[in-house]
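Have a look at this one:
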């Protein structure tokens, strides 16, 4: 490593690492295991298994595993939930590959719930036409999957680990090829890690919001780094708010899994009245965006919102939903007898870094997987439990592409280290994002938010959280309609379906991604940023 001038670090030609995986959630660890025997290096910001949203996933993994279900129906449900913006090719791909990836997880030791005759027990979640969500102990799917992957990674000789380091920037040569990353360790000093192929699996951006179910550290760094490097991004305005964050003042907010509503739990206001039928014919099983807006409306009207599981789950709560039960009891709420106060919480970023069918970004040497990617699978409103599915499907596809590939090397590369927003300024940003770019939005609030970001950038130029927040807010302001998770009170109607693509004005718009066979959607309409 050579220290560059000012805030830049440089790496010479020649890569010490073959495949560098940034992020150690489900996408990153599954990819690392599937790469065997090709050597790879996994970077985790915390001890393995302790810093990913994957471990907090409660609902499970959706796949067409029941004899009466089919990948075609799963794909159709995915397209329908996405409010006109899901790529049907990608929906079919993840639905068709899903059962095989569940079997992979079973082989790794994930103890999915079983029926008395030994079949996988499948639950129903909102907007699914069949029960198809494989769970573990009701609401422990994420933790159980991550526990199995962590154990497998620890035993895998081809995987090297760096724990306690965060990626701060991409290394890039004069031709635009990505050559690795700049990391910052626990000692606070940045260092470079060169690689032939870099894969970003860093999760989402929920930590940009004051109320979120994500780790607070998930602040959209991947989209910020990729944007600075010139990668094409897409659909950044689409942030999914989980309807039922448990409203007990925790940061991040505990989650009351959607499976509770699948079991028959109902939503009530402070008057005790069940209100969802007033907002949607599917009531509690309406798509997430509809339920989130209904809860937001009840709370805004001063009536509050509460999840009633007393009859639907009752005394079985500690055994069927132990995570939710423990969170409630820690706040002196007994869900067997008390209703659970709930509020919408930033949960999943449906937009991200554009990827083709094989996980390639628009930059040579850079692949993306999981929540930080934009594959076209989720559109404007992710179908419940499709996030874990997308992560494992694309991780396997990236591994299949890279496992025996002859990878090129970048030339001499460099990247800029930028300051991070912290303390009161970060809290101010989070509160403004929730207030102005949350469940409901309008031009006035979004403009106020962008003005705040501009002011904060003057004191902390280049901060990745501000870059990510600006991209999300700018996308929300530019989309003058309401669709899926994006609702504008000043533009409540839905227009013609159109994805928003973002690229830097100094990059080639023509180099978007793939070819017509890999990207049947054809030419992208792009927004300069």
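Residue numbers (this note's numbering): 456 to 984. Glycine included, C-beta positions come from ideal geometry on N, C-alpha and C.
So does the stretch 582–590 actually touch the stretch 629–645, counting three or more Cβ pairs closer than 8 Å? No, the stretch 582–590 does not touch the stretch 629–645.
Using beta-carbon positions only, say whether residue 814 and residue 541 come within less than 8 Å of one another. Not closer than 8 Å, so no.
Contact belief for residue 565 with residue 603 at Cβ below 8 Å, rounded distance in angstroms: Right, their Cβ atoms sit about 5 Å apart.
Can you give me the Cβ contacts of residue 561 inside the same chain, cut-off strictly under 7 Å, excluding the 5 residues immediately before and after it? Only 567 meet the Cβ criterion.
Classify residue 682 as buried or exposed, calling it buried when 16 or more other Cβ atoms lie within 10 Å of its own Cβ. Residue 682 is buried by the Cβ-count criterion.
Which ranges does the alpha helix (DSSP H) cover as unbroken runs of at least 4 residues, wholly within the stretch 733–759, from first to last along the chain? Listed in chain order, the complete alpha helix (DSSP H) runs (minimum 4 residues) inside the stretch 733–759 are 743–755.
Return the residue from the list 557, 532, 556 and 539 that minimises the CA-CA distance to residue 547. Considering only alpha carbons, the answer is 532.
Cα-Cα separation, residue 770 to residue 559: So the two alpha carbons sit approximately 34 Å from each other.
Grab me the residues of residue 628's own chain with a C-beta within less than 7 Å of its C-beta, minus the 5 sequence neighbours each way, in chain order. So the qualifying residues of the chain are 634, 865, 866, 867 and 868.
Please classify residue 574 as buried or exposed, where buried requires at least 16 other C-beta atoms within 10 Å of its C-beta. So residue 574 counts as exposed.
Restricting to runs no shorter than 4 residues, where is the alpha helix (DSSP H) found entirely within the stretch 524–568? Runs of the alpha helix (DSSP H) inside the stretch 524–568: 526–536 and 543–562.
Using the beta-carbon count (16 or more within 10 Å), is residue 1000 buried or exposed? There is no way to answer for residue 1000, as the model of the chain reaches only from 456 to 984.
Taking 7 Å as the limit between beta carbons, can you name the residues of its chain near residue 486, skipping five residues before and five after? Here the set comprises 476, 654, 656, 824, 850, 853 and 854.
Taking DSSP's pairing of strands, which residues face residue 697 in a bridge? Per DSSP, 800.
CA-to-CA distance, residue 462 to residue 797, given in whole angstroms: Taking the straight line joining both Cα atoms gives about 44 Å.
Residues bridged to residue 489 [DSSP beta-bridge criterion]: Its beta-bridge partners do not exist; DSSP assigns none.
Give, in chain order, every unbroken run of the alpha helix (DSSP H) that is at least 4 residues long and sits entirely within the stretch 587–621. The qualifying runs are 596–609.
Taking the beta carbon of residue 472 as the centre, do at least 16 other beta carbons fall within 10 Å, making it buried, or is it exposed? Residue 472 should be labelled buried.
Do residue 500 and residue 620 have their beta-carbon atoms positioned less than 8 Å apart in this structure? Cβ distance < 8 Å, so residue 620 and residue 500 count as in contact.
What is the rounded straight-line gap between the Cα of residue 970 and the Cα of residue 817? Bear in mind that the predicted position of residue 970 carries a pLDDT of just 36, short of 50, making it unreliable; the figure below should be weighed with that in mind. Computed Cα separation, rounded: 12 Å.
Unbroken alpha helix (DSSP H) runs of length 4 or more, entirely within the stretch 891–960: which are they? For the stretch 891–960, whole alpha helix (DSSP H) runs of length 4 or above, ordered along the chain, are 898–914 and 919–933.
Could you say if the stretch 922–941 and the stretch 896–911 meet the contact criterion of at least three C-beta pairs nearer than 8 Å? Proximity of the stretch 922–941 to the stretch 896–911 meets the contact definition, three or more beta-carbon pairs being nearer than 8 Å.
Same chain only: Cβ atoms within 7 Å of residue 925, ignoring 5 sequence neighbours per side: Result list for residue 925: 905 and 908, in chain order.
Please state whether DSSP places residue 874 in a helix, a strand or coil. Coil, per DSSP.
Return the chain-ordered list of same chain residues with a C-beta closer than 8 Å to the C-beta of residue 913, the five sequence neighbours on each side being excluded. Hits under 8 Å: none found.
Stretch-stretch touch, CB-based, cutoff 8 Å, three pairs: the stretch 722–730 with the stretch 602–617: Touching, no.
Just to confirm, is the Cβ distance from residue 802 to residue 696 under 8 Å? A contact, by the Cβ cut-off of 8 Å.
Using three-state DSSP, classify residue 713 as helix, strand or coil. Here DSSP, grouped into helix, strand and coil, assigns residue 713 to coil.
Hey, residue 701 and residue 707: beta-carbon distance below 8 Å or not? Contact flag unset, no.
Can you tell me the Cα-Cα spacing of residue 963 and residue 715, whole angstroms? Caution applies to residue 963, whose pLDDT of 44 falls short of 50 and renders its modelled position unreliable; the model cannot decide the point.
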